[in-house]
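Mind the numbering: the sequence shown is residues 4 to 440 in the numbering used here, read in order.
Virtual Cβ for every residue (Gly too), placed ideally from N, Cα, C.
Here is the structure we will look at.
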Amino acid sequence: MADIRNNFVGIKSPNPFWLASAPPTDKAYNVERAFRAGWGGVVWKTLGEQGPPVVNVNGPRYGAIWGADRRLLGLNNIELITDRDLYTNLREMKEVKKNWPDRAIIASIMVPCEESAWKAILPLVEETEVDGIELNFGCPHGMSERGMGSAVGQVPEYIEMVVRWCKQYTRMPVITKLTPNITDIRHPARAAKRGGTDAVSLINTISSIVSVDLDSFSPNPSVGGKGSHGGYCGPAVKPIALNMVAEIARDPETFGLPISGIGGVTTWRDAAEFLALGAGNVQVCTAAMTYGFKIVQEMISGLSDWMDAKGHQTLDDITGRAVRNVTDWQYLNLNYIAKAHIDQDACIKCGRCHIACEDTSHQAITSMVDGVRHFEVKEEDCVGCNLCVNVCPVENCITMDALEPGDLDQRTGKIVDPNYANWTTHPNNPMARQAAE
C-alpha cells in the first residue's frame, strides 16, 4: 500500500492534505473536528497583532459562480483575518497541538510591515509549540488597504525584508504565502528565497467581483446595497494556481524551493497534479467549505488507490515528475501532428463537434454523409486543435491520434518528419533568420 505520509520542510503529517488558513481553521472546535475527519494538518486562520479586534462585516461575506448543475465553481469572499482575540487563538493552538502531536499546525500571521510588530508576535506563536508559521502576503481585500496582505506580497523588496526579520526572530520553519495578483509570480518567490524562507505557499485568492445584482445594481456579496472586490478561490482558480506553482518549480533561481500548493484542490486528482508540478503538499479550503471536512477521506483513499495502481510507493515518486515536461511555447515540437478521431459507436450524434468546428475552427467535421446525419473528421482539413474533444459531451468519444513519422499529413501533403523542430529554428521566425544571416 502506498505510503502517503508527508514531510514538508521538516513538518510531518500523516498525509499531504492540509486545511488552508480560512474560516474552517478559525478555532479549536473546527480544527479538532477536522483532525478527527482525517486532515493531515491545518494552517490556523490568520492571526493579527494584539489590540482592538479586527472588524468583519455582519452581512453576506461570499459571492459564488456556479456551473449549470449548481455545482460551486468559484467562491469570492470579503472576510478579513480572525476577529477573535490573539491570546484566545494562541491558547487554543497550544491545546490542540498537545492533543494532536502527529498533525501539522501552522500559524498564519499578518501584522504591519514593521520589524517591531513581527518581533513582538513571533515569540508568542513560538510558545504554542506549533510546527511553523505562514506569512500571509496574499489577502487582496480589506487588509491590503491597510498596507498588509497583498500590499506586501506585490513588492518583492518588502517580502525579502519581512522574511529576513522572521528568520531572525524565530526558530520555526517559515512558509511565505504569495499573492497571485501580480504579473510574474517568480519575482516574489525569488525575493522570499533571498530572504531565507523555508518554503512558499500559493496561490492566495484572486482579486475579483464575481457578479452584479441587476435589481439593486450592487456587486455581490451586497452589504446594505454596496459591494467590494474580494478574494476568488475554488475549482475555477486551479489552472492559474497550477501554472504559478510550475513557474516557481522550474525557475532556475527558485528550483528546489519547497512549495505548498493551494487553489481549487477538490479531489485526489487535483492534489496529484499539484504534486506532479512540484508541490510538496496541498492546502484546501473551498472544497471543505462546500462538502464538509470528511471530503478528505475521499482524497486520501483516491490518492492511495491511484498510487497503488501506478506502482508509486511514496509521495517522492510523484512530486515534481511533471516539471521537466513544462516548457515555453517556442520549444514545442512543430513536427508533432495529431488528428481528431470520432468513435462512431460512442457518438450520440448531438452535433456539437460539428457546430464548434464549422462555426469557429476549421470546418473539418461533417454533419451529413450520403444524405444521412453523420459526424466524421475530414483529415485533409483537421489541424489537430482538439476543440471537438473539449466540447463533446461523451467522454473519450473523440480522441487525438498522433501521426507516425513517415505518414502523410493529408492537410499539408507532406510526410511527417521524425526530427524534432521548434519555433527557434523555424524559417518564419525573424530571429532565426537573423541568426542564420
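Please report how far the alpha carbon of ARG414 lies from the alpha carbon of CYS400, in whole angstroms. Position 411 of the sequence shown holds residue 414. Position 397 of the sequence shown holds residue 400. Answer to the nearest angstrom: the Cα atoms are 23 Å apart.
Where does the unbroken beta strand (DSSP E) through MET403 begin, and where does it stop? Translated into positions along the sequence shown, residue 403 becomes position 400. Unbroken beta strand (DSSP E) run through MET403: 401-405.
I'd like to know if the segment 270-278 and the segment 297-310 are in contact, where contact means that at least 3 CB-CB pairs between them fall below 8 Å. yes
What residue from ASP6, ALA67 and VAL46 has the CA that sits closest to VAL215's CA? Within the sequence shown, the letter at position 212 stands for residue 215. VAL215 has its Cα closest to that of ALA67, out of ASP6, ALA67 and VAL46.
Classification of MET371 by the beta-carbon crowding that lies within 10 angstroms, buried from 16 upward: Here residue 371 is taken as the residue at index 368 of the sequence shown, counted from 1. MET371 is exposed by the Cβ-count criterion.
Which residues in the same chain as CYS108 place their Cβ atom closer than 7 Å to its Cβ, once the five residues preceding and following it in sequence are excluded? As a first step, residue 108 is located in the sequence shown; it is residue number 105 there, counting from the start. One detail in the question is off: residue 108 reads as Ile in this sequence, not Cys. Counting only Cβ-Cβ distances below 7 Å, and skipping sequence neighbours, we find GLY44, VAL45, TRP47, MET96, VAL99, LYS100, VAL133 and ASP134.
For ALA279, tell me which candidate among TYR294, CYS288 and ILE321 has the shortest Cα-Cα distance. Counting from one through the sequence shown, the residue named residue 279 turns up at place 276. Closest option to ALA279, Cα to Cα, is ILE321.
Residue environment, ASP201, which counts as buried when at least 16 other CB atoms sit within 10 Å: Within the sequence shown, residue 201 is the residue found at index 198, counting from 1. Counting Cβ neighbours within 10 Å, ASP201 comes out buried, since at least 16 surround it.
Integer Cβ distance of LYS180 from LEU205, believed to fall under 8 Å: The residue given as residue 180 occupies position 177 in the sequence shown. The residue given as residue 205 occupies position 202 in the sequence shown. Right, the Cβ-Cβ distance comes to about 7 Å (below 8 Å), so this counts as a contact.
Quick check for students: name the residue ranges of the alpha helix (DSSP H) that lie wholly in the segment 279-339, counting only runs of 4 or more. 289-294 and 298-313
Going by the DSSP bridge assignment, what does CYS236 pair with across the sheet? Start at 1 with the first residue of the sequence shown, and residue 236 comes out as number 233. DSSP output for CYS236 lists LEU78 as bridge partner(s).
Kindly provide the ranges of any beta strand (DSSP E) runs that are 3 or more residues long and lie completely inside the segment 107-133, ordered along the chain. 107-112
Which runs of the beta strand (DSSP E) fall wholly inside the segment 336-375 and span at least 3 residues, in chain order? 341-345
Please state whether DSSP places ILE209 in a helix, a strand or coil. What you label residue 209 is simply residue 206 of the sequence shown in a count that begins at 1. Residue state, collapsed to three classes: strand.
Can you tell which of SER24, LEU83 and ARG36 has its C-alpha closest to the C-alpha of GLY295? On the sequence shown, position 292 is the one that residue 295 refers to. Answer by Cα proximity: ARG36.
Can you give me the C-alpha to C-alpha distance between LYS196 and CYS288, rounded to a whole angstrom? Stepping through the sequence shown from its first residue, residue 196 is reached at position 193. Stepping through the sequence shown from its first residue, residue 288 is reached at position 285. Cα to Cα, LYS196 sits roughly 26 Å from CYS288.
Chain-order list of residues whose beta-carbon lies under 8 Å from that of MET4 (same chain, five-residue window excluded): Taking the first residue of the sequence shown as 1, we reach residue 4 at position 1. SER307 and ASP311, listed in sequence order.
Using the beta-carbon count (16 or more within 10 Å), is MET434 buried or exposed? Against the sequence shown, residue 434 aligns to sequence position 431. By the 10 Å Cβ count, MET434 comes out exposed.
Just confirm the distance between the C-beta atoms of GLY464 and ILE84, as a whole number of angstroms; I'd bet it's less than 8 Å. No information on residue 464 is available, as it lies outside the stretch 4 to 440 that the chain covers here.
Nearest to PRO159 by CA position, among SER219, ASN9 and PHE140, is which residue? Walking along the sequence shown from the start, residue 159 turns up at place 156. Nearest to PRO159 by alpha-carbon distance, out of SER219, ASN9 and PHE140, is PHE140.
ALA438 (DSSP reduced to helix, strand or coil): Sequence index remark: in the sequence shown, residue 438 carries index 435 (1-based). Because ALA438 carries a pLDDT of 49, less than 50, the predicted location of this residue cannot be relied on, and no value is offered for it.
For the alpha helix (DSSP H) that contains ASN179, what are its first and last residues? As a position in the sequence shown, residue 179 is number 176, starting the count at 1. Note that residue 179 corresponds to Thr in the displayed sequence, not to Asn. No alpha helix (DSSP H) holds THR179; the beta strand (DSSP E) holding it covers 177-180.
Cβ distance (whole Å) where GLY267 is taken to contact LYS241 below 8 Å: On the sequence shown, residue 267 is found 264 positions in, with the first residue counted as 1. On the sequence shown, residue 241 is found 238 positions in, with the first residue counted as 1. LYS241 and GLY267 do touch by the CB rule: their CB atoms are close to 3 Å apart, below 8 Å.
Please name the residue in MET292, SER263 and ALA249 whose C-alpha comes closest to that of VAL285. The residue given as residue 285 occupies position 282 in the sequence shown. If we check each option's Cα against that of VAL285, SER263 comes out closest.
Buried or exposed: where does TRP332 fall if 16 or more other Cβ atoms within 10 Å of its Cβ makes it buried? Position 329 of the sequence shown, counted from the start, is the residue given in the question as residue 332. The residue in question, TRP332, is exposed, as its Cβ has fewer than 16 Cβ neighbours within 10 Å.
Please tell me whether ARG106 and SER16 are closer than 8 Å, where the distance is taken between their beta carbons. For the purposes of this step, residue 106 is taken as the residue at position 103 of the sequence shown. For the purposes of this step, residue 16 is taken as the residue at position 13 of the sequence shown. Yes.
Relative to the alpha-carbon of ILE7, which residue among ASN18, ILE14 and GLY13 has its alpha-carbon at the smallest distance? Taking the first residue of the sequence shown as 1, we reach residue 7 at position 4. Measuring from the Cα of ILE7, the nearest candidate turns out to be ASN18.
State the start and end residues of the unbroken alpha helix (DSSP H) segment that holds LYS441. The structure shown does not extend to residue 441, since the chain spans only 4 to 440, so no value can be given for it.
Can you give me the C-alpha to C-alpha distance between ALA439 and PRO176, rounded to a whole angstrom? Mapped onto the sequence shown, residue 439 falls at position 436. Mapped onto the sequence shown, residue 176 falls at position 173. The predicted model places ALA439 with a pLDDT of 49, which falls under 50 and marks its position as unreliable; any figure quoted below should be read in that light. Pairing ALA439 with PRO176, the inter-Cα distance amounts to about 51 Å.
Which of the three DSSP states, helix, strand or coil, is assigned to GLU137? Reading the sequence shown from its first residue, position 134 is the one you call residue 137. Note: GLU137 maps to strand in three-state DSSP.
Look at the Cβ atom of VAL326, then the Cβ atom of ALA424, and state whether they are nearer than 8 Å. One-based indexing of the sequence shown puts residue 326 at position 323. One-based indexing of the sequence shown puts residue 424 at position 421. Going by C-beta atoms, VAL326 is not nearer than 8 Å to ALA424.
Kindly give me the distance between the Cβ atoms of TRP69 and LEU78, rounded to whole angstroms, as I take these residues to be in contact under 8 Å. On the sequence shown, residue 69 is found 66 positions in, with the first residue counted as 1. On the sequence shown, residue 78 is found 75 positions in, with the first residue counted as 1. Their Cβ separation, rounded to whole angstroms, is 10 Å, which puts TRP69 and LEU78 out of contact at 8 Å.
I need the DSSP call for VAL155, collapsed to helix, strand or coil. Position 152 of the sequence shown, counting from 1, holds the residue named residue 155. VAL155: helix per DSSP, three-state reduction.
Pop quiz: ALA192 and LEU260 are said to be a contact at Cβ under 8 Å. What is the actual Cβ separation, rounded to whole angstroms? Counting from one through the sequence shown, the residue named residue 192 turns up at place 189. Counting from one through the sequence shown, the residue named residue 260 turns up at place 257. At roughly 7 Å, the Cβ-Cβ gap stays under 8 Å, so ALA192 and LEU260 are in contact.
Let's test the definition: count the other Cβ atoms within 10 Å of the Cβ of LEU217 and tell me whether it reaches 16, buried, or not, exposed. Against the sequence shown, residue 217 aligns to sequence position 214. LEU217 is exposed by the Cβ-count criterion.
Taking the C-alpha atoms as reference points, what is the distance between LYS122 and ARG167? The count along the sequence shown starts at 1 and reaches residue 122 at position 119. The count along the sequence shown starts at 1 and reaches residue 167 at position 164. If you take the alpha carbons of LYS122 and ARG167, they lie about 11 Å apart.
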